[in-house]
Each structure stands twice: as structure tokens, then as C-alpha cells.
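Undergrad: Here it is: the structure, laid out below.
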Amino acid sequence: MKYFQSGEVADMLNISTASLRSYAQLLEHAGYEFKKNTNKQRQYSEHDVNILSAMLALKNDHGLALKGAIEKVSSADFSPSSVLQPIAERQSESSSAPTDETNNDELYQILELLTSEMIALKGENLELKALLSAQNGAIKDLETKQDRALKALEHPKESAALKSMQEQMDTMLKHQTKLAETAPNTNALMAEIRKLNSKIAELETLATTKQNKGSFWSRLFRK
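For the sequence shown, the positions run 81 to 303 when this note's numbering is used.
Here you go:
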């Protein structure tokens, strides 16, 4: 299969290489895949060129917004010929070079779409930060409850309170784990949760050891 370099494709489509690069990035964001060489440079097949050509035709000749054109050509069942064939039948043999105004309009649309995506990503980032902040607060609360539970081991009359706190810790830990699974890039948070799991296991082991040895708990309750 023959592949074209970006300069060749830009000439075929009568657009600048900067516009081609931006269109390719937007297509990749929509799920379309280009073949890349060992230097991570895109290599364009004839089908890729047809996809790009159909996208430009939908945007320029059919009045679709750039985002709509990208979504349409990125769908699995899209056939470039469904757009390009009718245009080829109407098109004259000579084609004029694009004007500066056309290029500026293309670049403006690309910039507008990229700006919208950037705003959306910033919103997601803020939501993630808020989630992590809530997680951290819950973890500190959990650690406080664990400290109280450890102290309760030294006061047998508080065994009922210990059981209650352990139940609360189990519930909170399940909630924390569920939240962590829904948030990307939370390795540090998962490490904290694993650390808390270890503390809980240590707490349970300590309680079991004291009970098996007939600690002062049982002796006190027999009085």
C-alpha cells in the first residue's frame, strides 16, 4: 500500500500542512487512526486522503460545522465515495487555488473547535481535583477513626464502640474504593487506600491475638 507524506497530502487537498496536521489531530480525537512510522509521523494512505477530502467537502460544500463533519467521516460505516462521487460529477476539470480568506476561515474553525475541547478538558480537570480533595478529606477522617479504634483496644468497655467504628470504616473504605475506580490517574490515592487496608488488617490481627490469649478484657468482664 502506498503512503503519502504530509506535504503531498496538503498539496492534494489544497490546504496548508498546518491545517492538515490540525485536522488529523481532530480526527484522532474522534477515534480515527492513522498509520505512523518509527518517528511517530503520520503516513497517509489513499483512504486517509479520501476521508480528509470528504471531511472538507462536508464542511465547505454541505454546510456542516467542522465538528459535525469530523464525527461523520470518523464513523465506522462512512464511505468517502458517498460524498466525493457526487462532487466529482459536478466539478469542472480546473480548480482554483484557495484564497487567503478561505484558509483563514479554516484555521479559525479549527481554533474554535480546539478551544472548545480545551475548555471541556479544564472542566473535567476541575471535577477531578474536587473529587480528589473530597477523597483526601474522607481518608483523614478514616485515619482518625482507626486511631480511636486502636485506643479502644486498651479499654475493653469500649468494645461495642470499636465494633461500630470498624463497621463505619468498612463502609467508608468501600465508598473510597468505588470513587477511586471512577477517577483516572489516582495511583497515589489507591496507595493511600492500600495503606489503610493494611492498618485495618493490623487492627483486626491485634484484636484477635488479644482475644486468643485471654487478655485482660475477658478477665475484667468476669469480675
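The beta-carbon is built from N, C-alpha and C at its ideal position, and this holds for glycine as well.
#1: For the candidate residues His-142, Pro-166, Leu-132, whose alpha-carbon lies nearest to that of Ile-150?
#2: State the Cα-Cα distance for the pair Asp-157 and Leu-206, rounded to the nearest angstrom.
#3: Roughly how many angstroms separate the alpha carbons of Ala-137 and Gly-148, rounded to a whole number?
#4: Tell me, which residues are paired with Gln-123 by DSSP?
#5: Does the stretch 89-106 touch the stretch 118-131, meaning 3 or more C-beta pairs lie closer than 8 Å?
#6: Let me confirm a value: Pro-160 is counted as buried when at least 16 other C-beta atoms fall within 10 Å, else exposed. Which label applies?
#7: Can you tell which of Ala-98, Met-92, Leu-100, Val-153 has its C-alpha closest to the C-alpha of Gly-111?
#8: In the DSSP assignment, find the unbroken alpha helix (DSSP H) run with Ile-150 in it and report its ends.
#9: For Ala-134, does the count of other Cβ atoms within 10 angstroms reach 16, so buried, or fall short, so exposed?
#10: Measure the Cβ-Cβ separation of Val-163 and Val-129 and say whether it is below 8 Å.
#11: Relative to the C-alpha of Phe-84, which candidate in Lys-115, Ser-96, Ala-98, Ser-99 has its C-alpha closest?
TA: In this structure, then:
#1: Leu-132
#2: 36 Å
#3: 12 Å
#4: Lys-115
#5: Yes, the stretch 118-131 is in contact with the stretch 89-106.
#6: buried
#7: If we check each option's Cα against that of Gly-111, Val-153 comes out closest.
#8: 146-154 is the extent of the alpha helix (DSSP H) around Ile-150.
#9: buried
#10: no
#11: Lys-115
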